[in-house]
Amino acid sequence: MNKKIKSLNKKRTLHKQGFYEKYVKRPQDFLCAFIAIIILSPVMLVTALLVKIKLGSPVVFQQDRPGRNGEIFRLYKFRTMSDARDQKGELLPDEERLTKFGAALRSSSMDELLELFNILKGDMSIVGPRPLLVRYLPRYNEYQARRHEVRPGFTGYAQVHGRNAISWEDKFNRDVYYVDHVSFLMDWKIILDTIGVVLKREGINAEGVATMPEFMGNESLSGEIQR
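Just add 1071 to the spot in the sequence shown (first one is 1) and you have this note's numbering.
Here it is as structure tokens:
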């Protein structure tokens, strides 16, 4: 697995950062996350208390995710699933462990508020491709792996164009489109569009499943954005 990841890293086209990415984006991310944490701290405290009452401990869900250049970081979210297990002691499928309360947290994106701390640390950006699972790294083709040329985001171009209701191929095409077109205006348009998507609760889940189906790989070497 590690050899394949390194191979993908070597094949990637180096992303050329413009002035905005070099000097503005990171300070802007830090400032926005810092202000948001201060404003939303009461909401996060209430959410933490409700998670504790409804789902028990731990309140915080932590998981390793790949960031910029595939470097691994620890992602923080509020827990949304129970630990319900079958008679063999194995966890039940996601759709059976996702409670109504957890689904409400996801639909409102409240479960993702703790990612603001990931942004403060520099693991993530306000806008960028969403951080997916570590096990997906060796499954990306050369084109799809380009999504890791920038920091992963709290929201992103794919999230305001279908979120989890679009296919993996469309999602990755939009991620790479963002990598190639990142700008100050694009970031703020995505941020404003995100507010509308969250309020409308659009594209929360893929059809027929509680979470996005697992990405198993794609033989296609390139993609084309569909706007």
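The beta carbon of each residue, even a glycine, is placed where N, CA and C say it ideally should be.
Less than 8 Å between the CB atoms is what I'm expecting for Pro1202 and Gly1138, so what's the real figure, rounded? 6 Å
Taking the alpha carbon of Ser1128 as the reference point, which residue from Ala1119, Asn1189 and Gly1193 has its own alpha carbon closest? Ala1119
Straight-line gap, Ser1196 to Glu1161 (C-alpha atoms, nearest Å): 35 Å
Can you tell which of Phe1255, Ile1109 and Lys1260 has the C-alpha that lies nearest to the C-alpha of Ala1229? Lys1260
Where His1252 falls, given that 16 or more other Cβ within 10 Å makes a residue buried: exposed
Ile1261, enclosing beta strand (DSSP E) - first and last residue: Unbroken run through Ile1261 is the alpha helix (DSSP H), Phe1255 to Lys1271; no beta strand (DSSP E).
Residue ranges of each alpha helix (DSSP H) within the segment 1132-1169, 4 or longer: 1165-1168
Excluding the 5 residues preceding and the 5 following Asp1194 in the sequence, name in chain order all residues of the same chain whose CB lies nearer than 7 Å to its CB. Gly1138 and Phe1144
Beta-carbon gap between Leu1184 and Leu1111 smaller than 8 Å: yes
Is it buried or exposed, Asp1182, if we count other Cβ atoms within 10 angstroms and call 16 or more buried? buried
Check Gly1089 in the structure and name its three-state DSSP category. coil
Can you tell me which of the three DSSP states Gly1233 falls into? coil
Tell me the residue span of the alpha helix (DSSP H) that contains Phe1101. Lys1096 to Leu1126
Is Ser1178 helix, strand or coil when you go by DSSP? helix
Nearest candidate by alpha-carbon position, reference Asn1189, set Lys1159, Tyr1211, Pro1223 and Asp1157: Pro1223
Buried or exposed, going by whether 16 or more other CB atoms sit within 10 Å of the CB of Val1231? buried
Thinking C-alpha only, which one of Val1221, Leu1256, Tyr1211 and Ser1254 is nearest Phe1286? Tyr1211
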